Structure formats: structure tokens, C-alpha cells
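Working notes, beginning with the structure itself.
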Amino acid sequence: MEEKFKLDRQTIALRAAKEFQDGDSVNLGIGIPVLCANYIPVGREVLFQSENGILGFGEVTAPGEGDPDLLNASGQTVHPRPGMSCFGHAESFTMIRGGHLDISVMGGFQVSEKGDLANYMVPERKIGVIGGAMDLAYGAKRKIILMNHITKTGEPRILKKCTYPITAMGCVNLIISDIAVIEVTDKGMVLKEVAPGWTTEEVQQLTEPTLIIDPDCHEIELM
Amino acid sequence: MEEKFKLDRQTIALRAAKEFQDGDSVNLGIGIPVLCANYIPVGREVLFQSENGILGFGEVTAPGEGDPDLLNASGQTVHPRPGMSCFGHAESFTMIRGGHLDISVMGGFQVSEKGDLANYMVPERKIGVIGGAMDLAYGAKRKIILMNHITKTGEPRILKKCTYPITAMGCVNLIISDIAVIEVTDKGMVLKEVAPGWTTEEVQQLTEPTLIIDPDCHEIELM
Amino acid sequence: MPINKIFNSFDEVVADIQDGATIMVGGFGTVASCPTMLMEALDRKGVKNLTTVSNTTGFGSGVWKLMGYKFAEDMDILVRNGRIKKAIASAPVSAIFENNFEKLLRAGKVELEMVPQGTLAERIRAAKAGLGGVYTPVGVGTVVEEGKETKIIDGKKYMLELPIKADFALIKAHKADRWGNLVYRGSSRTFNETMAGAAKITIAEVDEIVELGELDPEEIVTPCVYVDRVVARPKEYGGDEDVIDEEAQASHDKFIKRGGA
Amino acid sequence: MPINKIFNSFDEVVADIQDGATIMVGGFGTVASCPTMLMEALDRKGVKNLTTVSNTTGFGSGVWKLMGYKFAEDMDILVRNGRIKKAIASAPVSAIFENNFEKLLRAGKVELEMVPQGTLAERIRAAKAGLGGVYTPVGVGTVVEEGKETKIIDGKKYMLELPIKADFALIKAHKADRWGNLVYRGSSRTFNETMAGAAKITIAEVDEIVELGELDPEEIVTPCVYVDRVVARPKEYGGDEDVIDEEAQASHDKFIKRGGA
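Residue numbers (numbering that gives the first Met the number 0), protein chains in the order written: chain A, 0 to 222; chain B, 0 to 222; chain C, 0 to 260; chain D, 0 to 260.
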């Protein structure tokens, strides 16, 4: 049997960044998503929006070197960049809720077959953090979820129905996990790519809903 | 019998400007109200707001001399002034509707005993101009109406009930007409000042609702 | 590939505006804040049955030319050439003279929905912000309340006002960069700023296009995600000289005498 | 007499905030956009039973001091000293550690109303703009919908969200003039800009007070009518050095390792 690889955090981010086209406005959530900013090909113009009120900012600075008044939503200092703009919260969420952002990349605890997303609360903790998650899950034109395919105890996170409280209904367009890339469509979940060494059957075994195998399903491409 | 004087447009504006205190934010409507800007005592800081999105601007320029991108709501060019700010329409009417302006000075066709204002439509014309009138009549903390006391045909404009379509209900606080200053209170309309040569009885004859005569009722003071 | 929202021609930038479209037209009423060249281009295109969303319905270029404006065509060019089916506006007619919109309205040739100015701004913003509607107290007890759903909230009466959606927003700004970031000048933000992003496609007519990075991030009023196309006015107005007729002259004189509109 | 909204003392500027008041606290979560000196002054005043409206509920000064901030006290100072009865917030607890608000919440000593961040912004804006409420689609089908009035508009489900009103808004800006015009820096507008004018009294803590006219009219973000009082931070932080305990150190290390909050 071929050796199986799982994508690490950085590699998941690298794969996700491939989804960004020239001119896309993209909000990167806390966790793996924020790492995507490091993997934009040279010359590609992607506009990052951060819900704390900046659009079109540059890379994360070295720790301790940035301007404390220039932060992304993860609290990291970022570089300014020509074309950047600043705004307040009402405007920032007008952008988000109003459908003016092309892509929202978020972490996820669970995704359902119909694209419901659960990412704000682990039930055991009893308290969640809604923050901007519900707005971002609702408002962006395309929602990409980055997550591990299964829990630490081996349970699938991609389910027929979420068991965790949901963030938004039917919102997810694409899941990039450590072992697969899955598109959520009206017809069901379509397996598009698998991690090196994985068969489509093996991915299916770790996924609750029945996957539609894309005729072009192939190994995850990073470049 | 003493000679009777009626205040002209400029004098009505002069009397109205006496109502503005230091720090008041004031929106001046089209017509007589906009003339008030010429009568602010030296050293008094009054902030004029114009619904087209400027606050704290200066005097009207000489015709043809101003910047076409610095207009009041009457379309006159105005001078910039230190402390001035610019904003768009949603913000401008957030200010107006949200009760952030101290005074709105408007023209009026009719005012009712309860303070209903009719100033957007002459029924004979069949089409009115609502513009910002309904917002301004609703939103400013204090509404001052400048108008002639009677129509050209001698009919009272201050009525028990407006016969013209109303702009806003119960909104008027003070009427400054060419012959009187009348405060609208919960108890009724209080005659505070009369033009030179006029008795309170003569003003009452040209006013439909019964006026409460203020014990201090006196001749209109302009300075 | 670098983002480039700049179009080189006014005709090209309005080429896909179809008959029956709903268009927002920015500005306040005076021509300074009006996308004048877009009005001319849309008229040249010969589009029909428009629904328009704007503060006024235009007063004609004559009065503005007399006041010294070179770029002087306002929404009236669409009105007088019969391109409008319905107008949603706060101040559709003039207090000074009978504009072309009023003439057509009296002749039953256009429809009108008159909306208080702040409600108009809020309904446009609701579309931009993805809201289903807002409750406003303005207009309660007036003709505006007729046919509206009302609700008592915290002891006070409000009316439900729905978003105004549109196919295109045609706006005027001062400067733009190739990403579509916009700044305005003085009192000319008006509905331009509010409409940017409220329609499916936003087209900005600007005085000047500047290099990316020239606009101060703190001073950008309309962030680029709200803008789809940018087109710059020529330095000199190259359009036809309009005939300044007696009506325009009379309106202008009345404006000056009255001290405003 | 010239307008002067400038106060000279933080204690004086919060002196009339009473027990049981509802206060909005500006910022996003990181301390850069937080009115830190107002938090300290309000704590010194010893006010009780506050209802707060804010994005987070604070994380304590230790973690911020470790990240190099001198003005480092956030809303946590009010939380840990038992001054809060109820918090309305979008992100009341931390993903990294158990903040003091979470401890009190688990102990049943504070109430919480959790609101999606954009809805929080819109409800605050509704109060500022004199609206009775707004219909939002965000949160439909989630826990947020529970107990809310819903409405189908144009075939889509929305929830009614009501204005959040408050007695005081405590905000942080970069510069102010004596009229109360405000500018901010970079990503620090956040809820500060949205809350300015949304409460009965707005108090702005600023880095610097400048002469009237120094702020560019095009760059003023908060026009002065929204601001009642202005107070400037001292150049140097003169407060107590906070004890940086193990928990703060652990949170900070986790933040750095995770690459963000």
C-alpha cells in the first residue's frame, strides 16, 4: 500500500490560496485561514479584507515590528500596501453581509452534506464565540472551509447533519481538509482531489455522506 | 392707532438667528431659513449642517466665486471653515433622523395647534417636494418654522388643523412669522412676541387657535 | 494580472445597460455631484423604459451652463428624451419652475414614487448592506405612510421600508485608482457615496485617475469592493453646446434672486 | 463663547456614569483600539451593575503588556472587579484561554447576550440613526434566531433586530479638535466609529488634541455632532505596572504560536 500523507496546516493554506483569483476580495479567518496570505503567487492581486476594518493590506510583519494600529482580525500586525483602505465596523459588515466579498475562508468543526457549517462552538465547552463567523458564513459569495477531515478521536467532521450548533445554513461551497478537496453542490458533495497516497474509497470511509466522485478526481495539486 | 410693521424676510431671519446658542448644530432650509447664516453674532460658534453632507461650513460666497463642490442645500457656494467635515447621504440623514442636530429651521405653509407642519405641498399644485423636509421635521431636537402669518388672500396659516398635507405630526417648537413669535407647547400655542405696532388681540385675529398670551409677551427683540 | 477597472470610453462603460433596467443616479440635485458624462452616454445609447433612483430628476443643462458649469447635463437628458418609465426620487420637481419630469408626470407619461430623502438613503444602504428592510419613524402620519406596514416598537410607531435594488449605480467621484477606490470633494459625496455598491454594477465617473497608492488609506471614502468600473472625464468638455432657452434663463435668474433652489 | 468639549481629567470625564448604566465600549478586541484610560477611570470610580455593549469582554492587561502595549488595560478591569451585570458582545470569551468574563459566566455571576458581530454593529447604528429596527438574514436557522420575530421578505427569511441604546459610549480615537471631530488610525476605527453618537453621551479618549482646522474636512471620520466629550491620554503611561501572571504569559505564548487570537 502506498504511503499516505496528510496535509499539514501550511499545506492546507497553500492549497486554499490556489482558489484566489486576480481581484478577489478575501476574508481570512483565525487559525489556518490566516496562513493563506503567505501563499499568494507573485503578481497575483488579491485583496484581503479584515472585519476590523481594513481592505487591501499586505503581509504579516515580523513579530514586534508592525504598527499596532494596523492589525488583521487575528491580531497580527500587517504591512500597509498601495490601494489599502480603512473603515469602521458598520461599513465592514455592510461589505460582508452585503455580499461584496468574493471569498471567506474559515475554519470548521463540522460541515453537513447540505453545506451547513458549524464552527463557533464546541458543545462540551457550552460557550461559543460567534464573533464575525455568522456574518462571514452568510455574506461572502464563496465560502471555503479549511479543517481536519476527522476529529482527534477519529470521528468524521463531514456529516449528513451537523451535531454541533450551526453557524449558518447551506453556506459552504468548498472544503479543503488534510486529506481531500470536496465541493458542496446542489446534487451532493463532490470529491475533487485527494491527498497523496489516499484512494477515494479511503476518503469516503472517513466521510459520513456519500461522496460523488468527480470523473477528474486527482491528487491534490499545490502549484 | 400706532403704525404696524411686518418683518421682512431678512428681519425674520435675523430674529430666528437669535435662537442659536454656542455649539448648536443647525440645518437651514431653503428660502428665508438659509438667510439666518448671515446674522450670527461675531464670536458665536454655530455649526451649520447641510443635508447634502457638510457640517460646520462658513458664509455664502459672492455669486460665481465659490467652489462648486462646496454647496449648501440651497445650491449656494459656501466658504470652508476650520472644523468643517464632509460626509455622504446615509451619514447625513443618520445625523438628522437620529436626533443629532439641535435645530432645524424650515419654511412653512401651515402649522397646527398641536405643532403639525405642512410645508412640502401646495394642494393646488398636486405635486409636492418632500426632499429632506420629513426627515428634518422629524429628527432635529428643535424645529423653528419661519413663515408669513397669513396667506396672500388673508387666510390664517396657523390653524387648529392643517388643511394641507402634513410633513410631520406634532413637530413644531417655535413659529417666527412676520408679525409674531409663537411657542408650541403641550398646553397650547403661547404668544411670546409681537411685531412693532401689533397688539396681542390683532395677532389673535389672524390666528385660528386660541393663543395663550405669555405674561412677558413683548415686542419682537432683534438684538 | 493586475486589477484594472478603468474603461477608456463612456459609451463602452454603459454599453450593457439594457432597456427596462433600474439605475441609480448619484448626486444631490446641483450638477456638481452628478455623473454628467454617463447621463450623456446613456442617452446616446438610446435605452428605454428605465426605472431611476435618484434625489431629483434633473433640471436641464441650460440652468447649469448659466451658472458656469461646463459638464452640465443632468438626469433631465434622460427625462426629456423619454427614456424613463418610473422615477423613485425625493425631490422630483422644482420649486422654481416646471421641469421636464413634471411635464411628463402631468401628462401621465412617467410614474413617480416619492420617498423622503433620508428614507431613500436608508433604503439604498439596506440594499448595499444585505438587510431585508428597516423601520423608520419618518413619514408616520403623512401620505408616505399609506399602504406601508407599520409597527409599534418601544411605544413608538415606525414604518417598514424595503431595500431599493438596482442593476446599475451611476455615480460621480473626484479621484479613483485602478482598483476602484474613490474619493470625493467637499459636499459632492451625497448619494454617490451611498449608492456605490448598492447596485449589481457600480460605474464611477471621475475627474481624475491616479496611481495605486496615491489615495491616502484614511481618506478613501468608497473602498474598491463597491466599484466595478471607472471612467474619467476628459479635461475639457467636448460635448455639444446646449441651447440656453428662455426657460433656463428665467430659472437661473429666479435661483439667483431667491438665494437658492 | 467657543465650543470646548475637552476635559482635562479622565476621572472628571466619567464622573457622571452611575451604577446600573448601559455603556458601549469601543474597539475590536486587541487593546490598540480600546479606550484603556477610560476603563481605568471607570474602575476607579467604583461603578457597579453595568450593562456593557462591546465586541469582546477583555483579556486583561498582562497579555497586552507582554506584546509591548503600554496603555494595556481593557474591559477586563471592569469584569474582574465585578462591575458588570450583563454583557452584550459578539466574542465574549477567548479561544485561547478562560478569560475572567468566562469564569464569572460559568459561576452565574454575569449575564450574556451574544450577538453576531455585524448584527451588533447594525443594532448600534440603528440607535444612532433613529431607526426602530432592521431585518437581517444573518443568524437565521441558528441559535441566534431563538425568540426573534422573523419575516419573509422577497422570498427570503430575515430576523428583526432592535436598536441597542446606551447611556454612554466610551471610545478611542487618534486625534480630536475642540469641536469633537475625530480621526482614527489604520485598523482602529472598528466599533469606535460605529458607537460614536449611538449613546446619549459619547466620550472619546484620544492620543492627541489638535487645533481646530488641523483635521482635513475630507479625512474626518466622526463629525463633531456625535461627540460630547474629549479627553487626551498622557504622553507616558503613568498607571500601575500590572502583574504579569502565569496565565497572561501562557496566553501570550499561545497567541504567538497560533499566529493570532
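C-beta: ideal position from N, C-alpha, C; glycine also.
Keep in mind the model is a prediction, meaning the values are calculated, not measured.
Assumed close pair D/Ile200, D/Val52 - CB separation to whole angstroms, cut-off 8 Å = Position 201 of the fourth sequence, counting from 1, holds the residue named residue 200 of chain D. Position 53 of the fourth sequence, counting from 1, holds the residue named residue 52 of chain D. Separation of the CB atoms of D/Ile200 and D/Val52 is rounded to 14 Å, and the pair is thereby denied contact status at 8 Å.
With D/Ser60 as the anchor, note down where its alpha helix (DSSP H) starts and where it stops.
-> In the fourth sequence, residue 60 of chain D corresponds to position 61, counting from 1. Following the DSSP letters along the chain, one finds D/Ser60 inside the alpha helix (DSSP H) bounded by residues 60-65.
Could you name the residues of the same chain whose beta carbon sits closer than 8 Å to that of D/Leu159, not counting the 5 residues immediately before and after it, in chain order?
-> Residue 159 of chain D sits at position 160 when you count from the first residue of the fourth sequence. Cβ neighbours of D/Leu159 beyond the five flanking positions: Gly132, Val133, Tyr134, Lys147, Glu148, Thr149, Lys150.
Using the beta-carbon count (16 or more within 10 Å), is D/Asn48 buried or exposed?
-> Translated into the one-based positions of the fourth sequence, residue 48 of chain D becomes position 49. Answer is exposed; the Cβ neighbour count stays below 16.
Identify whether D/Gln17 lies in helix, strand or coil by the three-state DSSP scheme.
-> Within the fourth sequence, the letter at position 18 stands for residue 17 of chain D. In the structure shown, D/Gln17 sits in coil (DSSP, three-state: anything other than H, G, I, E or B).
To the nearest angstrom, how far is it from the Cα of D/Gly59 to the Cα of D/Ala71?
-> As a first step, residue 59 of chain D is located in the fourth sequence; it is residue number 60 there, counting from the start. As a first step, residue 71 of chain D is located in the fourth sequence; it is residue number 72 there, counting from the start. Counting only the Cα atoms, D/Ala71 lies some 8 Å from D/Gly59.
Three-pair Cβ contact test at 8 Å for the stretch 30-49 of chain B versus the stretch 108-124 of chain B = These segments do not touch.
Kindly indicate the opening and closing residues of the alpha helix (DSSP H) around A/Met94.
-> If you number the first sequence from 1, residue 94 of chain A lands on position 95. For A/Met94, the enclosing alpha helix (DSSP H) has its first and last residue at 88-96.
Report the residues of the stretch 170-191 of chain D with a CB closer than 7 Å to any CB of chain B, ordered along the chain.
-> Residues Asp176, Trp178, Asn180.
State yes or no: is the C-beta of D/Ala175 within less than 7 Å of the C-beta of D/Val224?
-> As a first step, residue 175 of chain D must be located in the fourth sequence, where it is residue number 176. As a first step, residue 224 of chain D must be located in the fourth sequence, where it is residue number 225. No, they are not a contact pair.
Beta-carbon contacts of A/Ser84 that lie in its chain and below 6 Å, excluding the five residues immediately before and after = The residue labelled residue 84 of chain A in the question sits at position 85 within the first sequence. Here the set comprises Leu54.
Among D/Pro136, D/Ala165, D/Glu145, nearest to D/Gly154 - alpha-carbon criterion = As a position in the fourth sequence, residue 154 of chain D is number 155, starting the count at 1. The candidate whose alpha carbon is nearest that of D/Gly154 is D/Pro136.
Could you please give me the residues that DSSP links to A/Arg141 through a beta bridge?
-> For the purposes of this step, residue 141 of chain A is identified with residue 142 of the first sequence, where counting begins at 1. A/Arg141 is bridged by DSSP to A/Ile102.
Find the residues of chain B that neighbour C/Met113, judging by a C-beta separation of less than 8 Å, and give them in chain order.
-> Sequence index remark: in the third sequence, residue 113 of chain C carries index 114 (1-based). What C/Met113 touches in chain B: Gly127, Ile129.
Using DSSP with H/G/I as helix, E/B as strand and the rest coil, what is D/Tyr225?
-> As a working note, residue 225 of chain D is residue 226 in the fourth sequence. Here D/Tyr225 sits in helix by DSSP.
Under 9 Å between beta-carbons, which chain B residues line up against C/Tyr68? List them in chain order, please.
-> Looking up residue 68 of chain C in the third sequence gives position 69. Close to C/Tyr68, with beta-carbon spacing below 9 Å, are these residues of chain B in chain order: Pro67.
Secondary structure at A/Cys216, three-state DSSP: helix, strand or coil?
-> Residue mapping note: residue 216 of chain A aligns to position 217 of the first sequence, counting from 1. In the structure shown, A/Cys216 falls within a strand segment according to DSSP collapsed to helix, strand and coil.
Examine the Cβ distances between the stretch 176-191 of chain C and the stretch 207-214 of chain B and report whether three or more of them are shorter than 8 Å.
-> Here the stretch 176-191 of chain C does not lie against the stretch 207-214 of chain B, with fewer than 3 beta-carbon pairs under 8 Å apart.
Alpha carbon to alpha carbon, how far is C/Ala165 from B/Arg156? Give it in angstroms, no decimals.
-> By one-based count along the second sequence, residue 156 of chain B stands at place 157. By one-based count along the third sequence, residue 165 of chain C stands at place 166. Inter-residue distance for B/Arg156 and C/Ala165 is about 42 Å (C-alpha atoms, whole angstroms).
Close-in-space but distant-in-sequence residues of the same chain around D/Val220 (CB under 7 Å, 5 per side omitted) | Taking the fourth sequence and counting its residues from 1, the one referred to as residue 220 of chain D is at position 221. For D/Val220, the CB contacts under 7 Å within the same chain, skipping 5 residues up- and downstream, are Leu181, Val182, Tyr183, Arg188, Glu192 in chain order.
Starting from D/Val109, follow its DSSP beta bridges and name the residues at the other end.
-> The count along the fourth sequence starts at 1 and reaches residue 109 of chain D at position 110. Here D/Val109 is not bridged, per DSSP, to any residue.
Between the stretch 125-136 of chain C and chain A, which residues of the former have a C-beta closer than 7 Å to a C-beta of the latter?
-> Residues of the stretch 125-136 of chain C that bring their beta carbon within less than 7 Å of a beta carbon in chain A comprise Lys127, Ala128, Gly129, in sequence order.
Any chance the stretch 83-92 of chain C sits against the stretch 107-126 of chain C, with 3 or more Cβ pairs inside 8 Å?
-> With a cut-off of 8 Å, the stretch 107-126 of chain C and the stretch 83-92 of chain C count as touching, because enough Cβ pairs lie within range.
Would D/Gln116 count as contacting chain A if we go by Cβ distances under 7 Å?
-> Here the question's residue 116 of chain D lines up with position 117 in the fourth sequence. Yes - at least one Cβ of chain A is within 7 Å of the one on D/Gln116.
Determine whether the Cβ of D/Pro162 lies closer than 7 Å to any Cβ atom of chain B.
-> Your numbering for residue 162 of chain D matches position 163 in the fourth sequence. No, D/Pro162 lies away from the interface with chain B (no Cβ there is under 7 Å from its Cβ).
Under a three-way DSSP split, which group does D/Ile243 fall into?
-> For the purposes of this step, residue 243 of chain D is taken as residue 244 along the fourth sequence, with counting starting at 1. DSSP places D/Ile243 in coil when its eight states are reduced to three.
DSSP on C/Ser250, reduced to helix/strand/coil?
-> One-based indexing of the third sequence puts residue 250 of chain C at position 251. In the structure shown, C/Ser250 falls within a helical segment according to DSSP collapsed to helix, strand and coil.
Report the partner residues of A/Ser47 according to the DSSP bridge assignment.
-> Locating residue 47 of chain A in the first sequence gives position 48, counting from the first residue. The question names Ser, yet the displayed sequence has Phe at residue 47 of chain A. A/Phe47 pairs with A/Val25.
Return the chain-ordered list of same chain residues with a C-beta closer than 6 Å to the C-beta of B/Gly300, the five sequence neighbours on each side being excluded.
-> Absent from the model: residue 300 of chain B. The displayed extent of chain B is 0 to 222, so no value can be given.
Would you call A/Leu173 buried or exposed, if buried means 16 or more other Cβ atoms sit within 10 Å of its Cβ?
-> Here residue 173 of chain A refers to the residue found at position 174 of the first sequence. Label assigned to A/Leu173: buried.
Using the beta-carbon of each residue, which ones in chain C are nearer than 7 Å to A/Leu100?
-> Counting from 1 along the first sequence, the entry for residue 100 of chain A is found at position 101. Neighbours of A/Leu100 on chain C, chain order: Val224.
Quick one: does C/Glu207 have its CB under 7 Å from some CB of chain D?
-> For the purposes of this step, residue 207 of chain C is identified with residue 208 of the third sequence, where counting begins at 1. With respect to chain D, the C-beta atom of C/Glu207 has no partner C-beta closer than 7 Å.
Quick one: which unbroken beta strand (DSSP E) runs of 3-plus residues sit fully inside the stretch 170-203 of chain B? Chain order, please.
-> Complete beta strand (DSSP E) runs here, min 3: 173-176, 179-184, 187-193.
Which residue comes first and which comes last in the beta strand (DSSP E) that contains D/Gly132?
-> Along the fourth sequence, one-based indexing puts residue 132 of chain D at 133. Here the beta strand (DSSP E) through D/Gly132 covers 132-135.
Going straight from the alpha carbon of B/Ile95 to that of B/Leu145, what length do you get?
-> For this step, residue 95 of chain B is matched to residue 96 along the second sequence. For this step, residue 145 of chain B is matched to residue 146 along the second sequence. The straight-line gap from Cα to Cα measures roughly 19 Å.
Can you pull the DSSP bridge partners for B/Pro81?
-> One-based indexing of the second sequence puts residue 81 of chain B at position 82. Answer is none; B/Pro81 lacks a bridge partner.
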